[in-house]
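Asker:
Chains as they are written, first to last, in our numbering: chain A, 20 to 330; chain B, 2 to 396.
(1) Count the other C-beta atoms from every protein chain shown that fall within 10 angstroms of the C-beta of residue 398 (chain B), then say buried if there are 16 or more, exposed otherwise.
(2) Would you mind telling me which residues of chain A sit closer than 8 Å to residue 79 (chain B), beta carbon to beta carbon, in chain order?
(3) Should the stretch 220 to 240 of chain A be regarded as contacting the stretch 179 to 194 of chain A, the criterion being three or more beta carbon pairs within less than 8 Å?
(4) Using DSSP with H/G/I as helix, E/B as strand and the rest coil, what is residue 42 (chain A)?
(5) Need the endpoints of the alpha helix (DSSP H) that residue 124 (chain B) sits in, please.
(6) For residue 373 (chain B), which three-state DSSP category applies?
(7) Just verifying my parser: in three-state terms, what is the DSSP assignment at residue 27 (chain B)?
(8) For residue 400 (chain B), which of B:366, B:329 and B:387 has the nearest alpha-carbon?
(9) Could I get the ranges of all uninterrupted beta strand (DSSP E) runs contained in the stretch 136 to 173 of chain B, with 3 residues as the minimum, in chain order?
(10) For the structure I just gave you, are there three or more beta carbon pairs, one from the stretch 104 to 119 of chain A and one from the stretch 75 to 82 of chain B, closer than 8 Å?
(11) Are the stretch 85 to 98 of chain A and the stretch 249 to 257 of chain A touching, with three or more C-beta to C-beta distances below 8 Å?
(12) Please confirm whether residue 74 (chain B) has its beta-carbon closer than 8 Å to some beta-carbon of chain A.
(13) Can you tell which of A:84, A:43 and A:139 has its C-alpha closest to the C-alpha of residue 35 (chain A)?
(14) For the structure I just gave you, are there three or more beta carbon pairs, one from the stretch 10 to 23 of chain B and one from the stretch 60 to 69 of chain B, closer than 8 Å?
(15) For residue 177 (chain B), count the other beta carbons within 10 Å of its own beta carbon; 16 or more makes it buried, fewer makes it exposed. Which is it?
(16) Considering just the uninterrupted stretch of the alpha helix (DSSP H) at residue 90 (chain B), what are its terminal residues?
(17) For residue 36 (chain A) and chain B, any beta-carbon pair shorter than 8 Å?
(18) For the stretch 195 to 210 of chain B, list every residue whose C-beta sits within 7 Å of some C-beta in chain A, in sequence order.
(19) Listing by chain order, which chain A residues have their CB less than 7 Å from the CB of residue 378 (chain B)?
(20) Might you give, ordered along the chain, the residues of its own chain that have their beta carbon closer than 8 Å to the beta carbon of residue 21 (chain A), omitting 5 neighbours on each side?
(21) Rounded to the nearest angstrom, what separates residue 308 (chain B) and residue 382 (chain B) at their Cα positions?
(22) I want to see whether chain C comes within less than 8 Å of residue 205 (chain A), judged by CB atoms only; does it?
(23) Using a Cβ cut-off of 8 Å (strictly closer), state whether residue 66 (chain B) contacts chain A.
(24) List, in chain order, every chain B residue whose beta-carbon is nearer than 9 Å to that of residue 80 (chain A).
(25) Anything in chain A within Cβ reach of residue 49 (chain B), meaning under 9 Å, just list it in chain order.
(26) Mind checking residue 33 (chain A): buried by the 16 CB within 10 Å criterion, or exposed?
(27) Identify whether residue 258 (chain A) lies in helix, strand or coil by the three-state DSSP scheme.
(28) Taking the C-alpha atoms as reference points, what is the distance between residue 68 (chain A) and residue 102 (chain A)?
(29) Grouping DSSP H, G and I as helix and E and B as strand, with all else coil, what is residue 301 (chain A)?
(30) At 7 Å on the CB atoms, spell out the chain B contacts of residue 301 (chain A), in chain order.
(31) Flag this pair as yes or no: are the beta carbons of residue 99 (chain B) and residue 210 (chain B) separated by less than 8 Å?
(32) Against chain A, which members of the stretch 31 to 58 of chain B pass a CB distance test of less than 8 Å?
(33) Taking all protein chains shown into account, decide if residue 127 (chain A) is buried (16 or more other Cβ within 10 angstroms of its Cβ) or exposed.
(34) Show which residues of chain B have a CB atom less than 8 Å away from the CB atom of residue 66 (chain A).
(35) Can you check which of these residues, A:246, A:280 and A:205, is closest to residue 160 (chain A) by C-alpha distance?
(36) Could you tell me the distance, in whole angstroms, from the CA atom of residue 106 (chain B) to the CA atom of residue 341 (chain B)?
Rendered as structure tokens:
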């Protein structure tokens with residue numbers, strides 16, 4: 020698949036998320052959704068699912084829908100279960116000869132709906148092996164309700180429920196590694212990605228996730244200009260820095276085999292990723308040097324672990 | 002010819018599911034409804050039906066998956082009890098506002114606090130405002146008959162609402178009784194093929210389900226749900242008539258038992274109606290006192306005018322609630338029946354008693370005592386025992 024990737028061809032495929040929705044300028048979530056949906060074959064139909072969150076309230080505001088495919092939003096914590104019901108209905112109706120077309124099933128959730136409140140529903144749907152893709156657009160906090168911390172929030176991030184203050188340095192705990200947890204479900208495909216350069220990594224992973232039979236999980240780092248505090252025009256650069264510092268490594272787990280998608284030639288210091296973001300501003304105050312050292316050490320440790328898994 | 006059998010309430014509902022052969026059945030076990038998914042799993046394992054079972058990891062996911070399957074265009078259902086339904090709570094409202102004709106086989110059980118596995122109505126009564134049609138059964142036969150009517154009511158074009166078919170945990174769900182089953186081909190004809198108008202997997206039309214609706218639109222959706230619930234009254238009666246033609250068994254919003262000349266009446270829901278009927282026969286045989294019973298079958302939509310009319314000639318009525326609602330006054334049935342009487346400008350004396358919480362027995366003697374209390378109230382026009390608990394241990 021990768022060898023055939025042609026940026027121009029891919030970008031010229033019809034949009035399946037129509038313009039006119041109300042997502043913010045510089046929102047990474049929207050880019051994730053458009054790119055993943057672009058990986059659908061043009062002849063294939065799809066049902067798109069969605070956990071409650073920014074994406075849902077901005078793309079399906081009655082009486083307007085931005086989806087060119089059938090779409091279902093149910094609630095915050097059950098995108099996995101809901102789409103598993105849709106996918107099961109498809110299999111029965113197909114078996115009974117009531118449906119001829121080929122449908123694919125893709126559901127989107129933010130990190131709140133995926134790492135936290137929807138974790139059980141996601142785990143259940145993946146364990147049951149429904150032929151569907153769960154895509155987490157991970158912006159590292161509950162952005163729809165105003166940037167409260169989630170288990171995907173990086174350590175030290177300043178959020179509205181872990182504010183940096185006189186005696187606080189932001190979030191105390193380290194991030195949950197959801198892609199690894201999903202890999203431990205022994206599902207056929209897990210990918211961790213974001214968008215850099217020509218979108219090849221996210222596109223090809225989305226294509227594999229959609230067209231690998233069985234349950235698949237994609238974790239997409241999706242910056243949020245309001246929650247992270249960067250200039251909207253800087254989004255692609257932020258993603259690139261997340262990858263080049265190894266804060267957000269690109270990898271996939273195919274039938275249990277861990278594969279590193281990209282190794283930076285020269286790993287950049289974590290500070291390069293943190294510095295352009297308001298949520299880490301306090302880390303650069305005098306006296307907080309040891310926090311940066313600790314954060315760097317955590318990223319190095321996880322990068323090391325990942326490389327070992329990928330050997 | 003109808004088939005004579007001996008089945009428990011759970012078996013009867015499972016048998017109805019087998020005869021209907023629905024498309025998708027997500028379920029999570031909970032006492033006392035667990036047997037229903039077990040029976041269905043056995044039908045599937047032996048190739049007797051082609052329903053797809055989804056082994057969800059919770060009741061919240063059970064209702065979420067049922068909702069997804071129904072929106073996709075499948076005939077979908079689930080079964081639960083008590084805390085299982087409490088965990089579905091959020092989804093009950095979503096299912097109703099999405100106007101999905103989901104069927105829930107509810108085996109009534111007390112809500113936890115303290116944990117208790119026996120019958121009362123706190124689960125379904127708590128969900129009375131969720132926008133679901135609620136139909137209750139006294140016996141296994143009624144649970145089966147109600148279940149056969151569930152999909153045709155829910156899927157009717159003027160209704161499009163989810164429906165819960167309720168029976169009392171253990172008393173009905175596990176008690177084995179004689180039952181008349183309808184032949185498979187008659188059930189198939191009665192329930193019919195499901196042909197949804199709008200659904201996610203419709204090749205001719207794409208669809209979005211579950212929007213964000215601001216205050217410009219939200220209120221209209223609620224009014225539309227109300228209309229559907231109002232329409233359901235007619236559809237429930239039409240379906241009952243059709244069912245009677247098929248089986249000879251007659252159903253309505255409620256059953257009136259010995260009400261033709263009754264001076265003292267009890268209004269009740271569920272299995273305890275059977276005990277009350279025994280008390281009525283005993284009282285009438287031994288004293289000649291004119292006592293009767295109204296057994297509510299349809300609680301949502303609420304048959305307000307019909308109930309007031311049925312109670313218009315009695316002197317006193319005891320409305321029996323098998324759950325608390327902690328208003329420190331009425332229970333749910335008590336509040337609604339008394340509101341109906343007020344609206345009809347009725348001057349019947351009414352009391353509201355609580356009974357059977359967490360499976361506490363109610364006996365023939367208890368009902369005899371209640372009719373005696375009603376007689377006294379009618380004579381003195383003095384009510385001193387409003388909201389009392391029947392069968393409460395004093396020490």
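The C-beta atom is built at its ideal place from N, Cα and C for all residues, glycine as well.
Answerer: According to the structure data:
(1) Outside the shown range of chain B (2 to 396) lies residue 398 (chain B), about which nothing can therefore be said.
(2) Those do not exist, as residue 79 (chain B) stays about 10 Å from chain A at its closest Cβ, beyond 8 Å.
(3) no
(4) coil
(5) 123 to 127
(6) helix
(7) strand
(8) Not covered by the structure: residue 400 (chain B). The range shown for chain B is 2 to 396.
(9) 164 to 169, all fully within the stretch 136 to 173 of chain B.
(10) yes
(11) no
(12) yes
(13) Ranking A:84, A:43 and A:139 by Cα distance to residue 35 (chain A) puts A:84 first.
(14) no
(15) Burial check for residue 177 (chain B): the Cβ neighbour count within 10 Å stays below 16, so the residue is exposed.
(16) Where residue 90 (chain B) is concerned, the enclosing alpha helix (DSSP H) stretches over 83 to 98.
(17) no
(18) 201, 202, 204, 207, 208, 209 and 210
(19) Chain A residues near residue 378 (chain B): none, gap ~48 Å exceeds 7 Å.
(20) Low confidence applies to residue 21 (chain A): its pLDDT is 49, below 50, so where it sits in the model is not reliable enough to give any reading.
(21) 22 Å
(22) This model lacks chain C altogether; the protein chains it does include are A and B.
(23) yes
(24) Ordered by position in chain B, the residues that pass the 9 Å Cβ test against residue 80 (chain A) are 212, 213, 214 and 215.
(25) What residue 49 (chain B) touches in chain A, judged by beta-carbon distance under 9 Å, is nothing: the nearest beta carbon there is about 15 Å away.
(26) exposed
(27) In the structure shown, residue 258 (chain A) sits in a helix (DSSP, three-state: H, G or I).
(28) 6 Å
(29) helix
(30) Simply none; closest approach about 35 Å.
(31) Contact: yes.
(32) 51, 52, 53, 55, 56, 57 and 58
(33) buried
(34) 73, 201 and 202
(35) A:246
(36) 28 Å
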